[in-house]
Every structure is written in structure tokens, then in C-alpha cells.
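Sequence order for the protein chains is C and D.
Using the working numbering, you'd call the opening residue of the first sequence number 75 and step up by one each time.
Using the working numbering, you'd call the opening residue of the second sequence number 75 and step up by one each time.
Virtual Cβ for every residue (Gly too), placed ideally from N, Cα, C.
2 protein chains.
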Amino acid sequence: MRYLIIGAVAGGASAAARLRRNDEHAEIILFERGSHVSYANCGLPYYIGSVIKNRDDLFVQTAEAFRQRFNIDVRVKTEVLSINPTQKSILARNLITGEEYNVSYDKLLLSPGADAIRPPLPGINREGIFTLRNVRDTDFIKAYVNEKSVRKVAVVGAGFIGLEMAENLRHLGKEVSLIEMGNQVMAPLDYTMAAQVQETLRKEGVQLYLGQAVQRFDAGTDHPLRVELNSGKSLELDLVLLSIGVKPETKLASEAGLAIGNARGILVNEFLQTSNPDIYAVGDAIEFINPITGISMNTYLAGPANKQGRLAADNMVDGNKSPYSGSINTAIVKVFNQTVATTGMASKHLKAAGIPHVVSYTRSGSHAGYFPGARQMNIQLAFSPDNGRVLGAQIVGGEGVDKRIDVLSEIIKNQGTIRHLTEFEQAYAPPFSSAKDPINMAGFVAENILKGKHRIWNYFPEEGLPKGLLIDVRTPEEFSHGALQHAQNIPLDDLRSRMHELNPNEPIFIYCQSGLRGYLAQRILTQHGFLETFNLSGGYATYHPAFAEFQSLQSEKEKQQPVALGV
Amino acid sequence: MRYLIIGAVAGGASAAARLRRNDEHAEIILFERGSHVSYANCGLPYYIGSVIKNRDDLFVQTAEAFRQRFNIDVRVKTEVLSINPTQKSILARNLITGEEYNVSYDKLLLSPGADAIRPPLPGINREGIFTLRNVRDTDFIKAYVNEKSVRKVAVVGAGFIGLEMAENLRHLGKEVSLIEMGNQVMAPLDYTMAAQVQETLRKEGVQLYLGQAVQRFDAGTDHPLRVELNSGKSLELDLVLLSIGVKPETKLASEAGLAIGNARGILVNEFLQTSNPDIYAVGDAIEFINPITGISMNTYLAGPANKQGRLAADNMVDGNKSPYSGSINTAIVKVFNQTVATTGMASKHLKAAGIPHVVSYTRSGSHAGYFPGARQMNIQLAFSPDNGRVLGAQIVGGEGVDKRIDVLSEIIKNQGTIRHLTEFEQAYAPPFSSAKDPINMAGFVAENILKGKHRIWNYFPEEGLPKGLLIDVRTPEEFSHGALQHAQNIPLDDLRSRMHELNPNEPIFIYCQSGLRGYLAQRILTQHGFLETFNLSGGYATYHPAFAEFQSLQSEKEKQQPVALGV
């Protein structure tokens with residue numbers, strides 16, 4: 075048997091090692107266009123930021139170790155030019171000697187990855203404009219930062235890599251601007267959660283340009299580069315990092331006649347087999363059915379790629395016995411001292427797909443409040459109002475965010491419901507959790523909503539405040555530090571004695587700092603005959619950043635369009 | 075409606091607050107024998123150790139806040155003397171005035187907790203011998219430590235509280251001895267894992283006396299106390315903390331004729347209802363069916379108690395609609411810089427219950443190795459060889475142990491299998507995980523075993539080494555730093571060229587440092603016709619502490635019994 079693998083990072087490298095364990099006697103050839111196999115893709119921003127000090131640490135495996143330990147024929151700096159599925163062979167070119175040759179295969183695995191997008195903007199090829207996808211890019215950026223006196227940088231695109239680069243460049247003491255076409259950072263997040271990340275970025279000195287797109291690059295006056303934005307603003311810069319997205323590398327596959335899907339990835343079946351039964355494909359280049367929506371989509375994540383590599387190797391050797399269950403896009407990013415994580419579907423994407431859902435928020439400590447070092451985290455849940463199935467979760471906080479998103483990922487992936495959250499049995503000791511874990515709290519709140527014991531309202535800045543009586547049940551001191559417009563302050567502990575002040579015929583919109591006291595107030599009022607009462611899920615603390623961000627964005631827009639506003 | 079609750083900590087306090095939210099108009103009376111409601115039971119060792127500096131932080135809720143916010147009639151320093159289920163009333167005594175009075179109820183909740191065991195040993199009532207169960211105990215211990223010049227202390231009993239107290243007393247600079255009747259610390263752990271904890275305790279200067287029981291307490295010569303052990307040893311001490319266990323407080327319940335179970339807890343049905351339909355019970359005092367074994371057992375954990383309180387309150391108000399799903403004893407403890415956690419069943423308990431299972435070990439980094447600060451963790455799985463159902467997990471490590479045990483808890487509680495581990499979709503970025511999470515790795519290893527691709531051996535010190543060829547496939551350098559007796563060193567990367575040295579008719583027992591290279595070696599040998607090959611699951615690193623501990627225990631015993639050995 076001869077197995078060929080194209081692409082030696084993540085999925086490809088995983089598959090190669092697994093193939094060897096499955097079949098000691100097969101011939102396995104691994105082609106890699108670049109110089110390195112199995113390197114730490116996700117570590118590149120941190121190496122640029124000198125958080126990872128040693129370049130050698132980026133290499134999980136070397137070509138030599140692959141040869142020695144796995145008896146695999148690794149051919150780096152070798153590009154596969156084409157696949158001939160009829161003859162079951164590939165044409166490869168040695169990028170050093172220029173030599174071209176054919177190799178036949180029994181089974182072929184494609185793991186070509188995805189390529190960073192470089193939009194065809196005027197001036198895009200000027201010196202100092204980089205993308206970051208591999209070790210070569212990394213070396214270029216690091217050398218440029220070290221050798222040129224780089225002081226002002228812009229990151230274009232506020233996705234995961236963009237945020238990690240913004241942090242790492244700040245870590246190097248650079249002035250960092252972050253430019254993003256969308257009206258928020260991190261597209262997988264809903265606005266309320268993204269606003270909390272934006273608050274952190276601003277606090278850490280990152281200049282945010284949201285809802286603004288790059289129009290062109292020119293030579294600057296005081297700095298080598300000038301970037302013009304469609305808002306009319308322009309920035310003088312020493313370096314630009316483009317992180318606006320990636321596109322699956324499907325050229326080889328499509329030229330070989332393999333089916334490409336609607337999401338422009340290589341189409342595979344549940345065994346990661348392409349439309350040609352002897353060719354499998356894994357990683358960023360494929361598309362696969364999302365288990366929640368049933369829609370085929372790309373997943374640009376290292377975890378799924380590695381797992382796919384292992385499964386594909388099993389299916390290639392054993393016949394198709396190991397189905398892939400798909401990814402729910404569980405992802406996480408460190409943004410300075412904040413941790414931001416998501417799993418399943420965002421509310422906006424559920425809305426777009428027409429999937430009914432309720433959104434609830436809770437705020438809880440990462441561990442027992444009386445034990446030093448606890449951090450607040452804000453959990454957003456999206457769940458079905460019919461059966462309580464959990465559809466998505468997002469968390470912003472610090473310590474312990476990774477733990478809770480992992481548990482939620484496991485629950486969502488297995489079609490779990492709110493009941494799984496209320497019954498979740500956390501490992502509790504004061505340094506690690508509370509007697510009621512943040513997951514339990516999120517479950518309790520959602521269960522109360524499902525059972526009709528808790529009626530909530532959500533606040534969307536663009537829709538303004540709801541019509542009715544707005545009651546702030548926090549203490550007068552909290553109220554004095556900032557409150558919603560036109561809200562009346564009736565502290566929770568005074569509510570029983572002061573409810574005669576309220577009109578029972580008017581809807582009442584309650585809020586507190588994080589949602590708990592508002593809920594208690596609602597329970598009291600409801601049981602005293604105030605039937606149209608609603609509590610702001612997550613409270614003032616959850617929505618405050620969104621509100622502030624939205625207002626600043628609005629006033630920004632007004633400044634940009636003085637003529638239109640003057641009419 | 076009038077609800078009475080006996081016991082105002084954990085389950086009782088949770089139930090009281092939930093009852094009020096469920097029923098704004100009911101009368102709710104909460105009786106508490108002690109002075110405090112809803113205090114941080116699990117924080118007490120840390121307050122003694124001054125990790126928690128402020129005594130007020132121990133009080134999650136005050137009686138006053140309960141009255142104000144929840145309109146609950148809280149009666150502290152009030153002991154309930156008896157229950158009259160026929161008349162549906164209780165007899166209470168005000169412990170300050172001595173006044174006794176009856177109160178009738180519609181529904182009653184028992185949350186009396188469990189009491190620390192004080193064995194009737196000679197001298198047990200001497201000054202300086204404490205148990206730790208509540209704030210009063212804590213105040214006594216803290217005052218004693220501060221006022222007397224306490225230097226040498228012994229903790230008797232190496233369970234969770236015992237270990238936390240040992241750490242906290244070390245933190246105060248005391249000389250700490252830890253005395254434990256069993257041959258290991260932490261009875262819920264299997265020996266291999268417990269040995270790793272023991273290694274840490276010794277490194278941190280805790281003197282361990284394992285397999286030794288206290289026989290009597292006397293006055294000491296240089297210190298106020300002398301403890302005599304059944305091993306013949308004696309220790310001079312300033313303070314003794316007894317943490318040998320607790321027993322459910324069932325006196326009230328049994329005197330009222332409520333059914334008591336085989337585990338000596340109050341018997342409840344799935345709705346946490348006792349044998350009397352108007353009386354519910356929660357917390358440490360009850361026993362409940364373990365979802366894995368189907369056997370009724372006690373659970374002395376705060377998480378389950380709090381969740382039970384909430385469910386009992388729902389069932390008391392809404393009728394029995396909210397079943398309790400039981401606890402799988404997920405627990406965690408910080409032991410100096412180590413974290414130790416367990417969920418589901420230990421192998422030794424599965425063995426005792428006659429449940430067939432495989433035990434496998436993995437060692438993985440808490441996050442990507444190239445990102446600073448990763449810590450190794452050792453995961454032990456117990457799973458069914460028939461269907462791959464996960465029956466138990468134990469982890470020893472540092473950062474990230476809490477996360478993995480929580481995910482495993484969720485999987486085990488929902489009857490998950492090894493496949494849930496392999497498919498687990500972790501949130502991955504370098505600071506938080508690896509592309510293959512430790513959970514995935516544990517799953518991959520177990521799946522290979524299930525599928526017959528990986529044949530393992532486990533090492534039990536008391537059984538000695540297996541008969542056959544023992545091959546150490548680590549590097550010569552690793553081998554030189556310590557290896558198993560009679561092992562032959564053939565480094566993995568030399569195996570293909572040196573396998574001719576091996577006798578194909580002899581069983582081969584392979585090991586490496588953590589199990590991976592041994593597995594690769596096994597795959598190579600098996601596919602070259604060496605069919606009787608086995609790899610040491612978890613490798614040398616996993617078993618080394620157990621081996622060392624066992625040997626030192628053996629030589630200890632030999633010293634103790636010179637005559638017997640002399641025969």
C-alpha cells in the first residue's frame with residue numbers, strides 16, 4: 075500500500091502518524107510545499123510578541139523525527155502540482171531543484187489548508203503589509219519589526235488572529251490600531267458580548283476603527299505607509315497586518331474534478347472521503363455539515379483538523395468505519411487579561427437561520443467569592459424555548475472561562491438541554507468553583523425562563539429602551555454611579571413596602587446589576603398581582619459596554635456625515 | 075402554607091431562598107442550632123490558614139439579610155428537639171433563653187448535615203484536640219493556634235479536609251504530621267494516583283504516617299500532647315486536628331420514625347421526600363442511589379447539597395415534579411501546588427462491586443507545550459471493556475485539572491462512552507489547551523485499547539513485575555536516571571533495527587516515560603509478528619511514585635516487625 079498526503083501541518087501530520095500506527099508496512103509519503111512540518115500554527119502570534127521566546131519551540135515535529143520515528147518519507151519544499159485521479163497519481167515538483175515527477179497512490183489525503191486573503195486594494199503590495207499564516211510569514215514580520223524602527227502598526231480584521239496580533243504587538247510596546255469592517259470585533263460573538271471585548275481593547279490602548287474598511291494603501295509622510303479608510307480617516311503606519319480571513323485551498327482538488335461545496339470547501343462525506351473514493355480530505359480546506367444547523371460550512375480550527383486527520387487515517391486503512399461528527403465551532407481567544415470563548419451558534423446566526431431561541435445572561439464568579447482571586451464571568455446562552463435544547467453559548471471573563479465553555483461545548487455537541495446545565499456536577503472546592511457553578515447558575519436562570527417563572531427582557535441598543543415603567547432595584551449608591559435613562563430607583567429590599575407606588579396596569583421593566591435582584595423583584599411583584607413584569611437578563615453590567623459602544627459609534631457616524639445630518 | 079426548615083447551611087439555605095421565590099406568600103421558618111446561616115463551610119481551612127483573611131468573608135448570607143430580602147423567619151441558636159409527624163409539628167428550644175415551643179408545619183425540610191466523628195479513644199477529650207465542622211470549631215482552632223505557641227501539629231485522617239488542613243497549617247509555618255489508617259491518602263483515589271499526592275505532601279514537608287492508627291492521647295513531655303500510634307511510634311504535639319470522617323445526623327429523623335437506609339442516611343425517594351410525604355430531606359444527612367452502581371450511598375459534598383435544596387423546594391411547592399439525578403461524587407482538592415480530582419468510581423471500588431473495567435493512564439500538558447506555563451497532568455480512566463462506557467476518572471496535576479474533571483464528570487453522569495472523549499470539542503488556543511486536548515488523548519488511548527490496537531499492562535507494586543521480557547524504550551539518558559529492575563533498554567528509534575535481538579516466543583512488556591513511545595513500540599512489534607506485547611499504560615512517570623511509596627511502606631513495616639521477619 076502507498077499512502078500520499080499533501081500538506082504536513084495539523085490534519086496532514088496527524089494522519090501521517092496515525093497511518094503508520096495503523097499500518098507498519100505501508101509506504102507513506104508526506105508532501106509539504108513549505109520548509110516545515112507539523113509546526114505550531116496557533117503559536118505564531120505569540121512568537122512575534124516574544125511570549126514564546128524560542129523559535130525552535132514552534133516545531134512540534136521535525137521532518138527528521140517523522141522519518142526516524144514513523145518511517146515516513148517526508149518531502150518538504152515539494153509542491154504537488156496536480157492530481158490525476160484516473161491514473162491514481164500526483165505530479166510533484168521539488169522547489170529547490172525544479173525537478174518534476176509523478177508518484178502513484180493507493181489512497182490520497184488532501185490537507186492543503188486555507189490561504190490568507192489579500193484583497194486587491196490599491197497599494198496592497200507595498201513593503202510592510204503582511205499576512206500571517208505560516209513560519210515564513212512569521213519570520214518576515216518578526217525581522218521587519220526588529221530591523222525597521224516599527225512604532226505604529228495597524229491590524230486589519232478583528233477576528234481571532236487579529237486580536238491575538240493586536241495584543242502581542244501591544245506587548246512589544248507598539249501603537250496598535252485595529253480596523254474592522256463590521257460594527258464589532260469577533261464576528262462569531264453577539265454584539266452584547268463583543269462590546270465587552272472592545273471595552274478591554276480600548277483600556278489596553280488599542281485604537282479601534284469599527285465599521286470602517288481599508289480603501290487603499292499609499293506611501294505616508296512621516297511613516298512608510300498611509301492607510302485610507304472608507305470613513306474618510308487615514309492613518310500613518312510603519313506596518314500593516316492583514317487578518318481579514320482565509321479561503322480554503324481548493325485549486326488542486328477542483329482541477330482534479332473533486333466536488334466543491336456551497337461554502338467553497340472540498341466536499342467530503344461523513345468519513346471525510348471526497349467525491350473520489352480513493353481521495354480523502356481534512357482541515358481548513360473542507361466543508362462539513364454543522365450539527366446544529368444542518369448546513370455545510372467551513373471550520374478554520376486546529377482542534378477539528380487534528381481530529382479529522384486521525385479519523386481519515388483510520389478510514390483510509392480500515393475502510394470507512396469511523397464517522398466524523400462535525401464541529402460546533404468551539405473557540406477561545408485570550409485578549410489581554412480577558413478570555414473570550416464561544417461554542418455552538420450565535421443568536422444573530424440563529425435569527426438569520428430562522429431558529430427560534432431565547433437569549434439569557436448570567437454573571438458569576440469563577441470560584442467561591444470568599445477565596446482570593448475570583449473573577450466575574452458573563453455567560454450568554456441561546457436555547458430553544460420549546461424543549462430547552464442549548465444552541466449556543468458565549469463567555470467573556472478571565473479565569474475559568476475555558477472550563478465552562480468546554481463543558482458547554484460537550485453539552486451542546488450532544489444535543490443537551492438546560493437540564494444538563496442544572497444537573498451538571500462540577501468539581502467544587504473554593505479555589506475552583508462555587509457550590510453552584512456558573513454553569514448551574516446559567517441553567518437555573520434558563521430553567522426559570524423555560525418554566526415561566528422568570529420573564530426577561532433583552533436590551534438591543536439600536537431598538538432603544540422598552541415602553542413602560544423602568545425600575546432599577548439596585549442600591550441608591552449603585553444607581554448614582556450610572557443607570558438607564560428615565561429609570562426609577564426602588565432598591566430590592568424596599569420593594570415590598572414601596573410597591574404601592576407602582577401602577578399595576580403598566581408593564582414594568584426591572585433591572586439590577588447582574589440579574590439576580592431583578593429576578594427576585596420580579597417574583598415578588600408577579601405574586602402581588604403585577605403580571606406584566608420583565609427582568610433585564612444579565613442586568614446593567616452585562617449591557618453597559620454595548621450601550622456605551624453603540625452610543626460612541628452613533629456619534630462617530632454623525633461626525634462623519636455632517637452634511638447629511640444638517641439637512 | 076407554612077414551611078419549616080431545620081438547618082440553615084448549604085441545602086437548607088438554598089431551599090429557603092428558593093421556597094420564597096416559589097411562594098411569595100408562604101410562611102417560612104428556618105431553624106439553626108448554631109449562630110450562623112449559610113456560611114462558607116468549605117472555606118474554613120483556608121480561613122485558619124489565613125489564605126482567607128477576613129472572617130466576615132465566610133458568611134455568604136446573614137440571618138438579617140435572609141429576613142430582609144427573603145422575608146424568612148430565621149431562628150438561629152434554636153435547636154429542634156423533636157418532630158411529631160402525626161401532628162405535623164416540631165418542638166424547638168431557644169438555646170439562649172431555654173424556652174421550648176411547638177411549631178406546626180405544612181411541609182418540613184430536614185437539612186441537619188453530618189457530624190465530625192470523634193472516636194472514643196483514651197484521652198480524646200484533652201485540650202488541643204479539635205474537629206472542624208463549623209464556624210465555632212474554626213474560631214476555637216484559630217484562637218488556639220494564635221494564643222498558644224503551637225508549633226507541632228498532627229492531622230488525623232487524610233481525606234479532603236485533612237489534606238486542606240495539612241496545607242493550611244504548613245502555610246502558617248507549622249510542623250505538620252499527617253496520620254492515616256489506610257495505606258494511602260484520599261480514599262476515593264486509586265493507589266497509583268494517591269502515591270503522586272503523597273510525593274507532593276512529603277516534598278512540602280508534611281510527615282506522613284500511613285497505615286497507622288491513633289491508639290491514645292496523653293500529656294506530652296516537651297509538648298502538651300502525646301499521640302501513640304498502633305505502629306509503636308509516638309509523636310509529641312501542640313495541636314491535633316481530627317478529620318477522620320463524618321456521620322449523617324439522623325437522630326431527629328429516626329426518632330420521628332422516618333426510614334433510615336443501609337448507608338445510615340435518611341432515606342429519600344427521587345423527589346428527596348422521606349418516608350413521610352410531608353417531610354423532605356437534603357444534604358449530608360441523606361443517602362441516595364449512586365447512578366453508576368445503583369447502590370444507595372452518602373455524599374458529603376456541598377455541590378449536591380445545594381442542588382438538592384433547590385430541587386426539594388420545587389417539589390415541596392409544585393408537587394413532586396423535579397427528580398434528583400444523584401451524584402457521581404465529583405470532587406477536587408488543592409494540595410499545595412497540585413490539584414487532585416476524581417469523578418465516578420475508583421477502580422478498587424469497581425473491583426469490589428464486581429464491575430469489569432479497564433484502567434488506562436495518559437500524561438498530557440495542560441496547554442500547548444510551546445506556550446509558557448504548561449503543566450503535566452496524569453489522567454486515569456476506568457471504562458467498560460464491553461461498550462466503552464466511562465465509569466470513573468481521576469486526575470493529578472496543576473492548572474487545568476479542574477477543567478478536565480468537569481468535562482469527564484459531565485460525560486460520566488450522562489452515561490458517556492470513550493467516543494465522547496475522542497469527539498470532545500475543546501476550546502483551543504495555546505494558553506488553554508492543545509490541538510488534541512488531554513481529554514481527547516485519554517479517549518484516543520482508551521479507544522485503541524477497546525479496538526484491540528493497543529494492549530496494555532498495569533503495574534501493581536504488591537504484585538511485582540510481570541513475567542517476560544521487560545523493554546524500556548526511552549533514551550539511554552532517561553534510562554540511566556532510573557528504570558525498572560531487569561529492564562533492557564532499546565530506544566524506540568532503534569527498535570526497527572534491533573528487533574532481531576528479541577525472542578518472538580516470549581511475552582514482551584514495554585514501557586516508556588508516559589506511554590506514547592511504548593505504544594508506538596508495541597505497534598511496530600505487533601506488526602512484525604511479536605504478538606504477545608504489552609505496553610505499560612501511563613509509563614514509568616505514572617507509576618514511579620507508587621513504586622517508591624510501596625517500597626518505603628514495605629521497609630517501614632519490616633522495621634516495625636523485626637522479630638517476625640527474623641523468623
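Which residues does DSSP list as the beta-bridge partners of residue i?
i	result
glutamine 468 of chain C	C/Thr416 and C/Gln454
glutamine 281 of chain D	D/Ser251
glutamine 347 of chain D	D/Tyr354
asparagine 158 of chain D	D/Ser163
asparagine 609 of chain D	D/Ile530 and D/Ile584
aspartate 546 of chain D	D/Asn563 and D/Tyr585
serine 178 of chain D	D/Ser163
isoleucine 235 of chain C	According to DSSP, isoleucine 235 of chain C bridges with nothing at all.
phenylalanine 133 of chain D	D/Tyr113
glutamate 302 of chain D	D/Arg290 and D/Ser308
asparagine 372 of chain D	D/Glu361
If you run the structure through DSSP and keep just helix, strand and coil, what is residue i?
i	result
tyrosine 265 of chain C	helix
threonine 367 of chain C	coil
aspartate 568 of chain D	helix
glycine 377 of chain D	helix
threonine 324 of chain D	coil
serine 434 of chain C	strand
glycine 517 of chain C	helix
arginine 95 of chain C	helix
asparagine 168 of chain C	strand
asparagine 199 of chain D	coil
glycine 108 of chain C	coil
isoleucine 429 of chain C	coil
alanine 293 of chain C	strand
glutamate 497 of chain D	helix
tyrosine 617 of chain D	helix
methionine 75 of chain C	coil
Measure the beta-carbon distance from residue i to residue j and round it to whole angstroms, keeping in mind my assumption that it falls under 8 Å.
i	j	result
alanine 711 of chain C	leucine 284 of chain C	The first residue shown for chain C is 75 and the last is 641, placing residue 711 of chain C beyond what the model contains.
alanine 84 of chain C	glycine 383 of chain C	7 Å
glycine 589 of chain D	glycine 612 of chain D	5 Å
arginine 597 of chain D	glutamate 98 of chain C	6 Å
methionine 239 of chain C	leucine 315 of chain C	5 Å
glutamate 249 of chain D	arginine 225 of chain D	6 Å
threonine 266 of chain C	glutamine 454 of chain C	7 Å
phenylalanine 410 of chain C	threonine 274 of chain C	6 Å
Do residue j and residue i count as a contact pair if the criterion is CB distance below 9 Å?
i	j	result
isoleucine 564 of chain D	aspartate 546 of chain D	yes
alanine 359 of chain C	leucine 184 of chain C	yes
arginine 478 of chain D	isoleucine 523 of chain D	no
leucine 375 of chain D	asparagine 403 of chain D	yes
lysine 381 of chain C	lysine 510 of chain D	yes
threonine 417 of chain C	glycine 466 of chain C	yes
alanine 387 of chain D	alanine 89 of chain D	yes
phenylalanine 506 of chain C	isoleucine 103 of chain D	no
leucine 303 of chain C	alanine 293 of chain C	no
Using 8 Å as the Cβ pair cut-off and three pairs as the minimum, do the region 486-505 of chain D and the region 398-407 of chain C touch?
yes
Quick test of the definition: if touching needs 3 or more C-beta pairs under 8 Å, does the region 347-356 of chain D touch the region 364-376 of chain D?
no
Assess contact between the region 434-454 of chain D and the region 112-122 of chain C, defined as three or more Cβ pairs (one per stretch) separated by less than 8 Å. Is contact present?
yes
Per the contact definition of three or more C-beta pairs closer than 8 Å, is the region 536-543 of chain C in contact with the region 145-152 of chain D?
no
Check whether the region 325-339 of chain D touches the region 219-235 of chain D, taking contact to mean three or more Cβ pairs, one atom from each stretch, closer than 8 Å.
The region 325-339 of chain D vs the region 219-235 of chain D: no contact.
Using 8 Å as the cut-off, can you tell me whether the region 338-346 of chain D makes contact with the region 158-169 of chain D, which would need three or more C-beta pairs spanning the two stretches below that distance?
Two segments are said to touch when three or more pairs of C-beta atoms, one from each, lie closer than 8 Å; by this definition the region 338-346 of chain D does not touch the region 158-169 of chain D.
Are the region 606-624 of chain C and the region 423-438 of chain C touching by the rule of at least three beta carbon pairs closer than 8 Å?
The region 606-624 of chain C makes contact with the region 423-438 of chain C: 3 or more CB pairs, one atom from each, lie closer than 8 Å.
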